[in-house]
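Protein chains in written order, with the working numbering: chain A, 6 to 209; chain B, 6 to 209; chain C, 6 to 209; chain D, 6 to 209. Glycine included, every Cβ here is placed at the ideal spot set by N, Cα and C.
Protein chains: 4
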Amino acid sequence: MANIASKEKIAQRRYDILQAAIEVFSSKGYHSAGVADIANALGIGHGTIYRYYKNKRDIFNAILAELLAQMADVVQQEPPSTDSLDDYRQQLERIAAHMMRIFQQDPRLARIAFYEAMSIDEEARASVDHFIAVFAQFTAHYMKNGVDKGFLRANMNQSMAAQLITAMIMEAVKKIATGKDNEADIQQWKSEIIHFVIGGLSAG
Amino acid sequence: MANIASKEKIAQRRYDILQAAIEVFSSKGYHSAGVADIANALGIGHGTIYRYYKNKRDIFNAILAELLAQMADVVQQEPPSTDSLDDYRQQLERIAAHMMRIFQQDPRLARIAFYEAMSIDEEARASVDHFIAVFAQFTAHYMKNGVDKGFLRANMNQSMAAQLITAMIMEAVKKIATGKDNEADIQQWKSEIIHFVIGGLSAG
Amino acid sequence: MANIASKEKIAQRRYDILQAAIEVFSSKGYHSAGVADIANALGIGHGTIYRYYKNKRDIFNAILAELLAQMADVVQQEPPSTDSLDDYRQQLERIAAHMMRIFQQDPRLARIAFYEAMSIDEEARASVDHFIAVFAQFTAHYMKNGVDKGFLRANMNQSMAAQLITAMIMEAVKKIATGKDNEADIQQWKSEIIHFVIGGLSAG
Amino acid sequence: MANIASKEKIAQRRYDILQAAIEVFSSKGYHSAGVADIANALGIGHGTIYRYYKNKRDIFNAILAELLAQMADVVQQEPPSTDSLDDYRQQLERIAAHMMRIFQQDPRLARIAFYEAMSIDEEARASVDHFIAVFAQFTAHYMKNGVDKGFLRANMNQSMAAQLITAMIMEAVKKIATGKDNEADIQQWKSEIIHFVIGGLSAG
DNA sequence: GATGAATGAGCCTTCATTCAT
DNA sequence: GATGAATGAAGGCTCATTCAT
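Structure, rendered in structure tokens:
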């Protein structure tokens with residue numbers, strides 16, 4: 006029992022550190038932020054941090070992993086295929102909405118994933134790139150399904166198209182995280198993306 | 006005469022340092038790269054660097070400024086308006102091609118502009134963001150023209166649409182810089198973007 | 006309790022660093038001395054120094070402030086006025102003796118206050134100059150009292166006379182700190198100063 | 006002939022550099038001043054300086070040597086002995102006046118001799134100290150003469166008294182150089198010093 | 001378990017000096 | 001003779017990480 010309580014406490018501490026680190030990394034940037042800044046934000050000794058994370062880099066990893074897992078959920082919750090253009094449109098809307106919601110809830114994550122992670126080291130960048138690639142692969146998969154079923158046009162480079170759609174979604178995500186876009190704006194971002202995708206991809 | 010020769014030499018040295026810095030910054034990242042690395046790459050003393058640039062940050066600024074100027078040329082060389090959907094399509098193609106060419110010629114610049122610059126400090130990030138915003142404004146302007154002339158649909162958020170187009174172009178640019186895409190791939194990227202834009206925006 | 010012990014330790018460390026810095030600054034000079042020299046003298050890492058003082062200059066400031074405070078005590082412990090030439094003579098003796106004792110105990114301080122401080126920057130110099138000025142003002146004040154009470158001659162420039170007395174005391178101080186003067190020498194220095202002052206200032 | 010002209014030119018250049026160095030060293034301080042600052046002040050290349058002086062330290066040496074020589078003149082022009090208290094008083098006045106004039110003409114020298122020189126290295130400090138000692142020895146010599154001839158009291162430490170007189174003169178010199186004392190002030194400084202010395206030393 | 005004192009690798013930057021032109 | 005480009009020693013300072021308490 007004590008063990009369980011202890012485990013919960015540990016988990017809580019790890020979580021608290023992560024939250025503080027998100028705040029610190031997103032406001033000062035990974036390189037300018039010090040481990041001591043994170044500890045200060047929590048009112049704990051900075052040595053304590055090292056009892057929960059191997060090092061500064063490890064904290065960032067944890068943030069990133071958690072965020073990427075959250076983002077991965079977006080596609081994993083989707084049915085692997087749709088049966089009509091309208092179905093696909095709705096799926097696209099759900100995915101975009103879901104993705105935007107993550108960053109609307111915690112806009113600081115956008116800076117961490119899209120800016121800081123890209124300049125720490127090869128591994129961090131690869132980690133994000135890999136997620137984006139996987140996301141794009143899902144998208145490509147949806148499109149292949151649409152082509153196979155005939156509701157999307159065949160003469161496209163599915164991979165590239167998927168990457169462009171992904172880029173549009175990510176762009177909207179960044180803008181929503183960065184700016185002060187409200188719910189109506191989010192609807193518009195989705196609407197504009199849908200226009201491009203449906204208009205650009207639909208068969209005939 | 007001596008003065009002219011000297012000025013040329015100085016310009017050459019500044020250029021050499023910039024090139025070495027591009028290599029070093031893009032391969033190790035701004036933060037991990039030292040001024041000494043740049044000097045070593047050139048086989049000169051690191052003190053010499055400071056005769057040509059105020060400090061490490063100043064070198065990065067120069068790289069960024071040069072690159073953004075090059076990118077700004079892309080839209081500044083374009084006519085401010087087009088008269089038909091086909092004209093617009095061609096303009097879009099030119100812009101995308103031009104932009105991709107810059108990074109195809111020196112792919113290292115992509116990492117510098119899109120990754121490193123975002124994590125150095127507020128100023129560097131703002132500098133890139135501002136360029137992107139201006140670029141998107143040009144795009145928005147082209148679209149307003151199309152709406153006014155009736156060859157683009159009126160029911161769009163011009164600003165958002167412009168930003169999404171910009172995001173697609175930048176995405177293609179990054180991919181071309183990062184990957185080993187050849188001329189054919191570049192054609193395809195353009196083609197896919199055109200499909201999205203024309204399909205998604207055209208009237209009727 | 007732990008806190009108190011900690012505070013004591015911190016105070017001790019600050020004191021140790023100050024002592025080492027006095028040694029290093031007085032033997033090599035402020036400019037030639039490195040923070041690493043101070044750390045080496047203590048057998049500690051140089052980074053440790055920065056936990057106790059903001060920077061090299063701050064260490065010097067602390068030494069100087071401490072010394073000037075000690076010197077300020079000399080006059081602040083004196084009664085503001087005396088009633089006879091003999092009283093005044095005795096006061097002068099006390100002041101000179103007190104001042105000389107400070108530097109006899111730690112001769113290295115003389116170099117720091119009178120030589121190094123003068124060449125670090127405007128602020129350090131002003132700091133010493135200000136102290137000297139205040140000291141001279143006290144002296145001038147004592148003299149005005151003597152003139153008012155009639156035991157010192159009226160036809161003098163009190164400010165200048167005070168500055169000259171101060172200069173004599175400081176000169177003796179420097180000589181005592183620099184040389185290997187013993188107790189007897191100190192008595193003589195005092196005696197000679199008294200001769201000048203009493204002989205030069207006494208009324209009638 | 007060409008040689009003579011050349012020698013004159015060289016001498017002129019050395020002199021110009023010295024003057025510029027006096028300005029630069031006295032305004033920024035020896036350590037903060039760069040060789041380039043001196044060259045800039047003259048509008049010449051900083052490499053040129055090294056054709057006239059071995060190094061930065063050598064320039065300072067030259068300034069100091071020149072100044073000390075000038076100061077040495079003050080006592081060397083004096084008769085080795087005087088025959089009455091009044092003669093001695095007049096000699097003292099001449100010496101003080103002469104010394105003050107040097108620094109009134111070029112107040113920048115005060116900072117160089119009394120402040121900067123003390124913190125460069127052992128040699129520079131020794132150089133100034135040696136001059137002061139020699140100056141004090143002359144003064145002591147004058148006093149021994151006075152004691153021998155009976156117009157100065159015998160019960161004094163001639164060396165210390167001489168050093169105190171020297172200190173007073175140097176103090177007045179510094180004040181005159183630092184402040185904006187006019188001719189009348191200079192007279193007063195002399196007057197106050199005389200009062201101390203004559204009052205403090207005269208026999209009976 | 002928590003703490004924060006200690007550490008030193010590492011990096012930017014300055015500037016006196018040299019020397020090829 | 002004059003120049004200023006090049007150099008690299010030198011040093012101040014930061015901060016991630018360790019570990020004794």
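Quick one, which of the options has its alpha-carbon nearest residue i's?
| i | options | result |
| --- | --- | --- |
| D/T87 | D/A182, D/I137, D/D153, D/Q75 | D/D153 |
| C/I15 | C/Y57, C/A26, C/A25 | C/Y57 |
| C/M148 | C/A74, C/Q96, C/S11, C/V40 | C/Q96 |
| D/S31 | D/Y20, D/N187, D/F119 | D/F119 |
| C/G50 | C/N66, C/R18, C/P112, C/M165 | C/R18 |
| C/Q192 | C/E98, C/A70, C/F143 | C/E98 |
| A/S37 | B/E127, B/S11, B/P112 | B/E127 |
| C/A189 | C/P85, C/M105, C/E83 | C/M105 |
| C/E71 | C/D111, C/P84, C/D92 | C/D111 |
| B/G151 | B/D78, B/N66, B/P85 | B/P85 |
Kindly indicate if chain D contains any beta-carbon less than 7 Å away from that of residue i.
| i | result |
| --- | --- |
| C/N162 | yes |
| C/Y120 | yes |
| C/A172 | yes |
| C/E176 | yes |
Closer than 6 Å by C-beta to residue i: which residues in its own chain qualify, once you throw out the five before and the five after it? Chain order, please.
| i | result |
| --- | --- |
| C/I203 | R94 |
| A/W194 | A177 |
| B/G52 | none |
| A/A41 | H51 |
| A/K61 | V40 |
| B/A129 | A122 |
Taking the straight line between their C-alpha atoms, what separation do you get for residue i and residue j?
| i | j | result |
| --- | --- | --- |
| D/A102 | D/H200 | 15 Å |
| C/L169 | D/A172 | 8 Å |
| D/N160 | D/G34 | 43 Å |
| A/A131 | C/Q24 | 52 Å |
| D/M165 | D/Y20 | 38 Å |
| B/R76 | B/I125 | Note that residue 76 of chain B is Met in the sequence shown here, rather than Arg. Each residue's Cα considered, the two are about 20 Å apart. |
| B/M6 | B/K12 | Confidence at B/M6 is low in this model, with a pLDDT of 43, below 50, so the placement of that residue should be treated as unreliable; the coordinate-derived value is given next. Those two C-alpha atoms are separated by around 10 Å. |
| D/F210 | D/A138 | Any question about residue 210 of chain D goes unanswered here, given that chain D covers just 6 to 209. |
| D/L73 | C/L90 | 40 Å |
| C/V133 | C/I100 | 18 Å |
| B/F136 | C/H135 | 54 Å |
| A/D186 | B/A167 | 17 Å |
| D/R92 | D/D78 | Just to set this straight, residue 92 of chain D is Asp in the shown sequence, not Arg. Between D/D92 and D/D78, the C-alpha separation is close to 19 Å. |
Go through its chain and collect everything with a Cβ distance to residue i's Cβ below 7 Å, but skip five positions before and after it.
| i | result |
| --- | --- |
| C/A115 | F108, V178, K179, A182, T183 |
| C/F143 | V80 |
| D/V29 | A38, D42, I43, A46 |
| C/S196 | none |
Leaving out five residues before and five after residue i in sequence, what residues of the same chain have Cβ atoms less than 8 Å from its Cβ?
| i | result |
| --- | --- |
| B/I22 | I43, L47, I54, Y57, Y58, I64 |
| D/Q82 | H103 |
Hey, does residue i have any beta-carbon neighbour from chain A nearer than 7 Å?
| i | result |
| --- | --- |
| B/F201 | yes |
| B/S132 | no |
| B/M6 | In this prediction, B/M6 has a pLDDT of 43, which is less than 50 and means its spatial position is unreliable; nothing more can be read from the coordinates. |
| B/Q193 | yes |
| B/G184 | no |
| B/A166 | yes |
Hey, does residue i have any beta-carbon neighbour from chain B nearer than 7 Å?
| i | result |
| --- | --- |
| A/S211 | With chain A covering 6 to 209 only, the question about residue 211 of chain A has no answer from this structure. |
| A/G34 | yes |
| A/G204 | yes |
| A/E188 | no |
| A/E197 | yes |
| A/E28 | no |
Could you confirm whether any beta carbon from chain C is found closer than 7 Å to the beta carbon of residue i?
| i | result |
| --- | --- |
| D/L169 | yes |
| D/E98 | no |
Going by beta-carbon coordinates alone, are residue i and residue j separated by less than 7 Å?
| i | j | result |
| --- | --- | --- |
| D/G141 | D/Q163 | Looking at the sequence itself, residue 141 of chain D is Ala, so the reference to Gly does not match. It is not a contact, given that the beta carbons lie outside the stated cut-off. |
| C/I174 | C/I117 | no |
| C/R113 | C/I27 | yes |
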